[in-house]
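What follows is a set of notes on a single structure, which appears directly below.
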Amino acid sequence: MSTTRTSPNGAIFYGNPRPYPISRAVRAGDFVITSALGDRIRTAGDDPFEAGDAAFETEARGTLDAIAEALALAGATLADVVDCQVWLRDPADFALMNQIFVDYFGDTQPARQVFQNEFMFAFRIEIKVMAYAPLARS
């Protein structure tokens, strides 16, 4: 179940991906920012790290689906994304990540940063985005 909270400054916080004290997305005026998300909520000791291109593709697509769902909570879509931060466990996944990225973003091509990261959990990829989604769309 998704929850919504509004701060005194008017920012709207969407969803609570328990067990962590974070929001899935925040709307601040015309901008929507997601938390860094993986393909599912994981906790220490969860499923082991899976290797191979098929496992990475499944996880990357699941991660981008989670981002799309978080954006939708705030009335935005992947087409609204203007900035994207990607963390990869293994730089060898970069080429496949680019192919999957195009499947989801097409010609939009938001600004993007890609970092190598050792995750706290069994992730191979994690993504965070910022979208420009005006409240007063025509």
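Residue -9 is where the sequence shown starts when you use our numbering, and the numbers rise one by one after that.
Glycine is no exception: its CB is placed at the ideal position from the N, C-alpha and C atoms.
All values reported here derive from a predicted model rather than from experimental measurement.
- Using DSSP with H/G/I as helix, E/B as strand and the rest coil, what is Tyr4? If you number the sequence shown from 1, residue 4 lands on position 14. Strand at Tyr4.
- Message: With DSSP as the reference, identify every bridge partner of Glu116, one or two as the case may be.
- Response: Taking the sequence shown and counting its residues from 1, the one referred to as residue 116 is at position 126. Listed as beta-bridge partners of Glu116 by DSSP are Trp77.
- Query: Quick one: is Leu125 buried, meaning 16 or more other Cβ sit within 10 Å of its Cβ, or exposed?
  - Reply: Reading the sequence shown from its first residue, position 135 is the one you call residue 125. Leu125 counts as exposed, since fewer than 16 other C-beta atoms from the protein chains shown sit within 10 angstroms of its C-beta.
- What three-state label does DSSP hand Phe46 in the structure shown? The sequence position of residue 46 within the sequence shown is 56, counting from 1. In the structure shown, Phe46 sits in a helix (DSSP, three-state: H, G or I).
- Query: In three-state DSSP terms, what is Phe21?
  - Reply: Position 31 of the sequence shown holds residue 21. Phe21 falls in the strand class under three-state DSSP.
- Task: State the Cα-Cα distance for the pair Lys118 and Ala41, rounded to the nearest angstrom.
- Result: Your numbering for residue 118 matches position 128 in the sequence shown. Your numbering for residue 41 matches position 51 in the sequence shown. Answer to the nearest angstrom: the Cα atoms are 23 angstroms apart.
- Expressed to the nearest angstrom, what Euclidean distance is found between the alpha-carbon atoms of Asn107 and Glu49? Looking up residue 107 in the sequence shown gives position 117. Looking up residue 49 in the sequence shown gives position 59. Each residue's CA atom was taken as its position, placing Asn107 and Glu49 some 16 angstroms apart.
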